[in-house]
Amino acid sequence: MTELLQTPLFDLHVSLGGKMVPFAGYDMPVQYPMGVMKEHNHTREQSGLFDVSHMGQVILRAKSGDTRDAALALETLVPMSIAGVAENRQRYAFFTNENGGILDDLMVANRGDHLFLVVNAACKDADIAHMRAHLSDACDIEVIEDRALLALQGPASEAALARLSSDVAAMKFMDVVTTEILGAECWVSRSGYTGEDGYEISVPNDKAVALAEALLAMEEVEPIGLGARDSLRLEGGLCLYGNDIDTGTTPVEAALLWAIQKVRRADGERAGGFPGADVILGQMVNGASRKRVGIQPSGRAPMRGHTVLFADETSTDPIGEITSGGFGPTVQAPVAMGYVPKELSTIGTEIFAEVRGKRMPATVAAMPFTPANFKR
Amino acid sequence: MKFTEEHEWLRKDGDVVIVGITAHAAEALGEIVFVELPEADTEVAKDDDVVVIESVKAASDILAPLDGEIVEVNEALTENPGLINEDPQEGAWIFKMKLSDPSEMDALMDEDAYKAHIG
Chain A
1 MTELLQTPLF
11 DLHVSLGGKM
21 VPFAGYDMPV
31 QYPMGVMKEH
41 NHTREQSGLF
51 DVSHMGQVIL
61 RAKSGDTRDA
71 ALALETLVPM
81 SIAGVAENRQ
91 RYAFFTNENG
101 GILDDLMVAN
111 RGDHLFLVVN
121 AACKDADIAH
131 MRAHLSDACD
141 IEVIEDRALL
151 ALQGPASEAA
161 LARLSSDVAA
171 MKFMDVVTTE
181 ILGAECWVSR
191 SGYTGEDGYE
201 ISVPNDKAVA
211 LAEALLAMEE
221 VEPIGLGARD
231 SLRLEGGLCL
241 YGNDIDTGTT
251 PVEAALLWAI
261 QKVRRADGER
271 AGGFPGADVI
281 LGQMVNGASR
291 KRVGIQPSGR
301 APMRGHTVLF
311 ADETSTDPIG
321 EITSGGFGPT
331 VQAPVAMGYV
341 PKELSTIGTE
351 IFAEVRGKRM
361 PATVAAMPFT
371 PANFKR
Chain B
377 MKFTEEHEWL
387 RKDGDVVIVG
397 ITAHAAEALG
407 EIVFVELPEA
417 DTEVAKDDDV
427 VVIESVKAAS
437 DILAPLDGEI
447 VEVNEALTEN
457 PGLINEDPQE
467 GAWIFKMKLS
477 DPSEMDALMD
487 EDAYKAHIG
């Protein structure tokens, strides 16, 4: 086995009592002594600090000097309007493949003279190779190795971070700013992966521990591990790449059409022109045969990833599979998401999941399971 | 009290033994959110899957520690699975069983041996 990588906060995690586990090649805290459930609840009620430094940070600079050219180049790989992202704004995006599948999902920020991308840890090498192969004529591609990434999530996050920077309180959901925090230049976005208000902060490696410690010294802020990160995003209805979306799922199947702006759709000004456009635009007209939905188990037993779904209690042909599932501490009940045939995707449809050989009832449910608390 | 390598404890109570999971196991599992209990009056063989415990992290099977018959289950755990984290070695007993051969209990670990086992 290759040796696990460490983020700049590794020693801090250990000193905080973090239980370290391998994740996407990194040695990361899955939980702290507080425990997954309390960490989850603390994030929903106060503010949680997450180390997400394992994620990839990449800068795209247009060779022409005009950031719009970098945006248009990136649009050849994603079905989003990147040229339409205003300066100091950020947008959710995904790389697609020729079959209309999803290679990775990412955030793209327009930071004036460049685009700033944050990609998933497990995909970052492939994403960077993909961009180098397709964008090198138009863009200089800089992989950021000297910055950590922290997420501060939850309703008290604004009050906490505002003590360290006067620029963050006025930000709205998906705004980005460059601001000095504890003497370090930080790139801050008002976004996250929990369904709560909060920030993601790119901070120089050598200032990351000081920033984390300053935040953790505040009464509202506790360190949160990957366990609660997963239950928070699941309740928030947010996809985990590799579980809920992958190269075998299209954006139409994954119910991510909201992320594809009009300008890239069939009659748009910059329609198509991304990998798999024929498949994806075709499915937008004709529909896909299956759809990602929320699934609310009727009983108390969690239905976890890869649990097989059936239309009724006795049929032998599976209709689909749960892709993420577990216990939702805020909902106080099990929650899940997965793929079902289009004709069974209406909210309220009763389906069955086979848990330990037994058919258990569940209902197709609206997502998110907990209301999103973004600062619009 | 006796212990198994599967992190169960067994305590004699008259002609039955009470079975639960150890504090060490409860701690390792994390917050428990679901318990599926067997029916009372079920014949079981050693290492049969008899109980499912789900934590925020994963599902785990609890095995029958020895041959015998399950005579009573702790229904309180169905409503309050978290009791296993709060009081694993007392209030959160899981089931009571009548052993086929009560002398088999003697071969299980005592507390010192279990402590050595979990290191």
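Sequence lines, in order, name chains A and B. Under the numbering used here, the first sequence has 293 at position 293, and the numbering climbs by one with no breaks. Under the numbering used here, the second sequence has 389 at position 13, and the numbering climbs by one with no breaks. A virtual CB, placed ideally from N, CA and C, is assigned to each residue, including glycine.
Residue i: first and last residue of the uninterrupted beta strand (DSSP E) it sits in
i: Asn110/A; result: Ile102 to Asn110
i: Lys472/B; result: Phe471 to Leu475
i: Arg89/A; result: Arg89 to Thr96
i: Val188/A; result: Ala184 to Ser189
i: Ile128/A; result: Unbroken run through Ile128/A is the alpha helix (DSSP H), Lys124 to Leu135; no beta strand (DSSP E).
i: Lys422/B; result: From DSSP, Lys422/B is part of no beta strand (DSSP E); its letter is neither H nor E.
i: Ser231/A; result: Note, Ser231/A: premise wrong, no beta strand (DSSP E); alpha helix (DSSP H) at Leu226 to Glu235.
is_contact[residue i, chain B] using C-beta, thresh 7 Å
i: Pro302/A; result: yes
i: Met360/A; result: no
i: Gly305/A; result: no
i: Gly35/A; result: yes
i: Gly327/A; result: Rather than Gly, the amino acid found at residue 327/A in this sequence is Phe. Phe327/A counts as touching chain B.
Span of the alpha helix (DSSP H), counted from its first residue to its last, around residue i
i: Thr67/A; result: Thr67 to Leu74
i: Gln283/A; result: Ala277 to Asn286
i: Phe10/A; result: Phe10 to Ser15
i: Val209/A; result: Asn205 to Leu216
i: Thr377/A; result: In the structure as shown, chain A begins at 1 and stops at 376. Residue 377/A is therefore absent and cannot be evaluated.
i: Ile494/B; result: Glu487 to Ile494
Cβ separation of residue i and residue j, assumed to be a contact under 8 Å, to the nearest whole Å
i: Ser324/A; j: Gly305/A; result: 6 Å
i: Asp146/A; j: Pro204/A; result: 6 Å
i: Ser431/B; j: Gly406/B; result: 4 Å
i: Asn394/A; j: Tyr241/A; result: Any answer about residue 394/A is impossible in this case: the structure gives chain A only from 1 up to 376.
i: Pro457/B; j: Val409/B; result: 6 Å
i: Ala353/A; j: Thr307/A; result: 5 Å
i: Arg61/A; j: Cys139/A; result: 6 Å
i: Pro329/A; j: Met37/A; result: 5 Å
CB contact below 7 Å: residue i versus chain A
i: Gly495/B; result: no
i: Phe471/B; result: no
i: Val409/B; result: yes
i: Val420/B; result: no
i: Val507/B; result: In this structure chain B extends from 377 to 495, so residue 507/B is not present and cannot be described.
i: Val432/B; result: yes
i: Gly406/B; result: yes
Buried or exposed by the 16-neighbour rule on C-beta atoms within 10 Å, applied to residue i
i: Gly287/A; result: exposed
i: Pro318/A; result: exposed
i: Asn450/B; result: buried
i: Trp258/A; result: exposed
i: Ser231/A; result: buried
i: Ile347/A; result: exposed
i: Asn99/A; result: exposed
i: Asp105/A; result: buried
i: Ile429/B; result: buried
i: His40/A; result: buried
i: Ala160/A; result: buried
i: Thr194/A; result: buried
i: Gln332/A; result: exposed
i: Glu455/B; result: exposed
Cβ-heavy atom distance, residue i to the ligand ZN, below 6 Å
i: Asp140/A; result: You won't find the ligand ZN in this model; it holds no ligand whatsoever.
contact_flag[the stretch 17-24 of chain A, the stretch 170-185 of chain A] where n(CB pairs < 8 Å) is 3 or more: Segments in contact, no.
Does the stretch 479-495 of chain B come within contact of the stretch 379-392 of chain B, defined as at least 3 CB pairs closer than 8 Å? Yes, the stretch 479-495 of chain B touches the stretch 379-392 of chain B.
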